[in-house]
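Asker: Have a look at the structure that comes next, please.
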Amino acid sequence: MVFALHRPLSAVGRCLPRGLHRLVGTSCQHRFQVAAPGEVETRAALSRGVTAACSSPVLEQFSRRTFCSSGRASHSPERVGLEQSRSQDSQGLVASASSDVAKLGGAVAARVRDSGRASIRCIGAKAAFRSIKALVNASEYLKQDPGAATGSVLGAKVSELQEGGDEDAGDAGRSRIMLLEVEPLILPSGGAQNEGSRSSGSKPASADRQPTRDLIVGAQTQASRAAAAMAGALRPQGGGHGEMPVVRAIGATAVHTSLVAAGLAQRYLDNDGRGIRFVVVPSFEAEESTTTGSGAQRQLVLRLVRVGPEVRTST
19 MVFALHRPLS
29 AVGRCLPRGL
39 HRLVGTSCQH
49 RFQVAAPGEV
59 ETRAALSRGV
69 TAACSSPVLE
79 QFSRRTFCSS
89 GRASHSPERV
99 GLEQSRSQDS
109 QGLVASASSD
119 VAKLGGAVAA
129 RVRDSGRASI
139 RCIGAKAAFR
149 SIKALVNASE
159 YLKQDPGAAT
169 GSVLGAKVSE
179 LQEGGDEDAG
189 DAGRSRIMLL
199 EVEPLILPSG
209 GAQNEGSRSS
219 GSKPASADRQ
229 PTRDLIVGAQ
239 TQASRAAAAM
249 AGALRPQGGG
259 HGEMPVVRAI
269 GATAVHTSLV
279 AAGLAQRYLD
289 NDGRGIRFVV
299 VPSFEAEEST
309 TTGSGAQRQL
319 VLRLVRVGPE
329 VRTST
């Protein structure tokens, strides 16, 4: 394949991504100047010119993309999904390991008041732990609003995204971002308290229902095993007849593992094809301490609440 020298840049431009032909024309101008009609440059010469142009640091941003013959960038579906998510939620909150819980909770409450929802992105166990505690604070702030609905709490849909790193290297070196999509829910009276078994409908659970099951997650618990237990508790054949399983986890690592497991559990339920969806509703409960004489202590618990006709989204 050869290129006529009297039309070098137009030929090169068709093979390069948008915005790159201008840089190539600047960097390789000395290779495509005056030439007699009919003379041609071989592909090898053209290749050397493009290589010289692409050695510029300005073009390093193109190194991780694959360009088709039309010059358009081809992204992986995962990255495209992340970019679409960003465009749909450009005002999302970002939590870090040092985020102020009270301020983050206030920001979540403000977003919910304005638009009826909020989202938090976080990386790492400490950031996730602070995000969950901030949701508890935000729920308390919203309950103090005039006209707040009785039983209104904040529930979070949990999922994970990946960003950065070399796409050719797979998951290695890529950051795992936890996404909490927050919306208000209306639970029955006592649904957010440790007052025995309650259904996800508007009435207390009847005496023949199984008690709400507790799932214990520790710092060494495998997320996949916890996810299987969560999905099993929410499936009807597993005893999840309208009950709200409670996940008990102590410490940032255990809470983070619980959230990762919740995201996996939703994927397991999606594979079932039954349309079972759930959110995580965090709250603090008073528990009797196992240490003699220390009295009651507050423990962070995560309720898994099925989102369906019986659990109404508050407006």
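For the sequence shown, my numbering assigns the number 19 to the initial residue and increments by one for each residue that follows.
Just so it is clear, CB atoms sit at the ideal spot from N, CA and C, and this is done for glycine as well.
Remember, predicted model here, so these are calculated numbers, not experimental data.
#1: Give the straight-line distance between the Cα atoms of residue 124 and residue 288, rounded to the nearest whole angstrom.
#2: According to DSSP, simplified to helix, strand and coil, what is residue 268?
#3: From residue 233 to residue 266, what distance separates their C-alpha atoms?
#4: What is the rounded straight-line gap between the Cα of residue 140 and the Cα of residue 306?
#5: Pick out whichever of 143, 199, 128 has its Cα sitting closest to the Cα of residue 276.
#6: Using CA coordinates, which residue listed in 321, 304, 323, 203 is at the minimum distance from residue 314?
#7: From what residue to what residue does the alpha helix (DSSP H) around residue 113 run?
#8: Short check: CB of residue 10 to CB of residue 283, under 8 Å?
#9: Is it buried or exposed for residue 133, if we count other Cβ within 10 angstroms and need 16 for buried?
#10: Quick check on DSSP: helix, strand or coil for residue 240?
#11: As an exercise, report each continuous alpha helix (DSSP H) stretch of at least 4 residues that is fully enclosed by the stretch 138-168, in chain order.
#12: Are the CB atoms of residue 127 and residue 156 within a distance shorter than 8 Å?
#13: How far does the beta strand (DSSP E) with residue 322 in it extend, from its first residue to its last?
#14: For residue 226, is the classification buried or exposed, using 16 other Cβ atoms within 10 angstroms of its Cβ as the cut-off for buried?
Answerer: So, from the listed chains and residues:
#1: Between residue 124 and residue 288, the alpha-carbon positions lie close to 33 Å from each other.
#2: Coil at residue 268, not helix or strand.
#3: A direct Cα-Cα distance of roughly 6 Å separates residue 233 from residue 266.
#4: So the alpha carbons of these two residues sit roughly 32 Å apart.
#5: Closest in alpha carbon position to residue 276, among 143, 199, 128, is 143.
#6: When each option's Cα is compared against that of residue 314, the closest is 304.
#7: Premise fails: residue 113 lies in the beta strand (DSSP E), 111-113, not in any alpha helix (DSSP H).
#8: Beyond the ends of the chain as shown, which are 19 and 333, falls residue 10; an answer cannot be given.
#9: With fewer than 16 other Cβ atoms within 10 Å, it is exposed.
#10: DSSP, read as helix, strand or coil, puts residue 240 in coil.
#11: DSSP runs (the alpha helix (DSSP H)) wholly in the stretch 138-168: 143-161.
#12: Taking a C-beta distance under 8 Å as the contact criterion, residue 156 and residue 127 qualify as a contact pair.
#13: For residue 322, the enclosing beta strand (DSSP E) stretches over residues 314-324.
#14: The pLDDT assigned to residue 226 is 33, lower than 50, so where the model puts this residue is not dependable; a value taken from the coordinates is nonetheless given after this. Residue 226 should be labelled exposed.
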